[in-house]
Amino acid sequence: MKSPLIVSLVFSLTFGLVSCSESSPLQVQPLPTAETAVTIDANASSYLFDTLKVSEARLVFRNDSTGNLTYIRFSRDSAQAVEFVSELNVYHPTISPDGKWVAFGTSPEPVGTYSEVYVQELGPESSIRVSLGGPAAIPRWRIINGDTVLIYVTSAGVNRKDDFWKEQSTYMVSFKDGAFGMPQKILEGNYHGGISDDMRLAVTGAHFLRVHTKIQGEERDTIWYDSLQICNVSLSTDGSLRTIFLDLGAERGRIFSGEDYLAHHRILIADSVGNLIGSIPSPEPYSFDQPEWVFGSDFLLTAMKTSDVHETLLLVDIRDSSVHSLVSGSDLWHPDVWLQP
46 MKSPLIVSLV FSLTFGLVSC SESSPLQVQP LPTAETAVTI DANASSYLFD
96 TLKVSEARLV FRNDSTGNLT YIRFSRDSAQ AVEFVSELNV YHPTISPDGK
146 WVAFGTSPEP VGTYSEVYVQ ELGPESSIRV SLGGPAAIPR WRIINGDTVL
196 IYVTSAGVNR KDDFWKEQST YMVSFKDGAF GMPQKILEGN YHGGISDDMR
246 LAVTGAHFLR VHTKIQGEER DTIWYDSLQI CNVSLSTDGS LRTIFLDLGA
296 ERGRIFSGED YLAHHRILIA DSVGNLIGSI PSPEPYSFDQ PEWVFGSDFL
346 LTAMKTSDVH ETLLLVDIRD SSVHSLVSGS DLWHPDVWLQ P
């Protein structure tokens, strides 16, 4: 059995420079856990393993009642759920492309409070948690030039005001063998909705759907969707450069969808230049919240709300707008799922 340890890497961002120092390893027991009160949908395993033909499936989310990270590992016959008890407030957890790690921040969109990013070994007996320090928020995994990296921003605050926007930055840091490399600043502005692997497109919200493009060497920062208020922006990870987001039932979305709808009652899909190409209705009586792309696929994972309580986590197949329940509970936030073919 490996020796449990926590390594803390503290990165100080001063005058645009980044310094790195490693603290002394602390010997600890496996990270403390507790039982979690969630209900696994009776058909979840059948859908994942028989219909989608995956070989492994892992799910993480924030238990908003406790602020803790919850992890579920599905199998054909059952599912194992565990909640990691911590003093940390876990937001936007995301599973690494190899399924072995989970990264998260300590402040959510669109709150601009100080945040740090952590990466934790993913398993029921996890014993490693690595700190990137801060300011760092809303991490996203990518594989760029064969290297596994995390993209993160200095603040997840509201991007409506240009002055605030111009003060923020987007960084990239490699992660290998349980350790971070040296962070690199890659963009001005907090592009936490995702960046394409070739760096041609970066997106973010809220409240504006701000976009950075690089076409034939020319870089531009623009705002899509008529500068209307949006949130929960997420860029696809399959190379199709599709962006999903939620709006407040704006006229542009209603015209495209062909009907009126309430706030967060449709997931909107835009192509690589901002044109709407899809609109997925929420099943009654729910509204969508915090949808994310499933890594490298045509599926989305989203929380479903009634009366401000996130009761259910659904997989959404954007090819036919069908929805498939995975888990239900009292308040399930910021879900992410890893599916292995």
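Residue numbering for the sequence shown follows the numbering used here, starting at 46 and increasing by one per position.
Each residue gets a CB set at the ideal place from its N, CA and C atoms; glycine is no exception.
Values in this document were obtained by computation on a predicted structure and should not be read as measured data.
Whole angstroms is fine: what's the gap from Glu329's alpha carbon to Asp292's?
18 Å
Would you say Val156 reaches chain D, if we count a Cβ-Cβ gap shorter than 7 Å as a contact?
Given the protein chain composition of this structure (a single chain), no chain D is represented.
Does DSSP classify Val55 as helix, strand or coil?
Note on Val55: pLDDT 33, under 50, position unreliable in the model; the coordinate value appears next. DSSP places Val55 in strand when its eight states are reduced to three.
Provide the residue span of the beta strand (DSSP E) that contains Glu296, from first to last.
Not the beta strand (DSSP E): Glu296 falls in the alpha helix (DSSP H), residues 296-302.
Beta-carbon proximity of Leu167 to Trp146, cut-off 7 Å
yes
Which residues does DSSP list as the beta-bridge partners of Ile312?
Leu291, Ile325
At the level of alpha carbons, what is the spacing between Pro336 and Ile289?
8 Å
What is the DSSP secondary structure of Phe94, counted as helix, strand or coil?
helix
From the DSSP secondary-structure annotation, give me the bridge partner or partners of Met349.
Phe333, Thr357
Closest Cα partner of Ala126 within the set Leu273, Leu371, Gly294:
Leu371
Beta strand (DSSP E) segment containing Lys259, residue limits
254-260
Note down, one range per segment and in chain order, each alpha helix (DSSP H) of at least 4 residues found wholly within the region 132-182.
none
Leaving out the 5 sequence neighbours to the left and right, which residues in its chain are closer than 8 Å to Ile268 when beta-carbon positions are compared?
Phe253, Leu254, Arg255, Val256
Assuming Val130 and Asn113 make a contact with CB atoms under 8 Å, what is their CB distance in whole Å?
6 Å
Hey, Ile189 and Asp242: beta-carbon distance below 7 Å or not?
yes
Identify whether Glu80 lies in helix, strand or coil by the three-state DSSP scheme.
coil
So, Phe340 versus Leu360, is the Cβ gap smaller than 7 Å?
no
In the structure shown, what three-state DSSP assignment does Ala89 receive?
helix
What do you reckon, are the CB atoms on Ala201 and Ala181 nearer than 7 Å?
no
Taking Cβ positions, are His379 and His137 nearer each other than 7 Å?
yes
Using DSSP with H/G/I as helix, E/B as strand and the rest coil, what is Phe340?
coil
With Lys221 as the anchor, note down where its beta strand (DSSP E) starts and where it stops.
214-221
Whole-number beta carbon distance between Gly262 and Thr249, since they are thought to touch under 8 Å:
So it is not a contact: roughly 22 Å between Cβ atoms.
Where do the ends of the beta strand (DSSP E) carrying Ala251 lie?
Segment: none, Ala251 is in no beta strand (DSSP E) and carries neither H nor E.
What did DSSP end up calling Thr116 once you bin it into helix, strand or coil?
Going by the sequence as given, residue 116 is Tyr instead of Thr. Of the three classes helix, strand and coil, the one that applies to Tyr116 here is strand, per DSSP.
Those residues which DSSP pairs with Gly239 across a bridge
Val248
Can Thr139 and Thr115 be called in contact, C-beta distance under 7 Å?
no
Taking C-alpha atoms, which residue in Ile117, Arg107, Leu76, Thr78 lies nearest to Thr84?
Ile117
Can you grab the Cα-Cα spacing for the pair Gln213 / Val278, in whole Å?
17 Å
Taking the beta carbon of Asp334 as the centre, do at least 16 other beta carbons fall within 10 Å, making it buried, or is it exposed?
buried
Compute the Euclidean distance between the alpha carbons of Ala87 and Ser123, then round it to the nearest angstrom.
9 Å
Kindly indicate which three-state DSSP category Tyr197 falls into: helix, strand or coil?
strand
Taking a contact to mean a Cβ-Cβ separation below 7 Å, would you say Asn235 touches Val203 in this structure?
no
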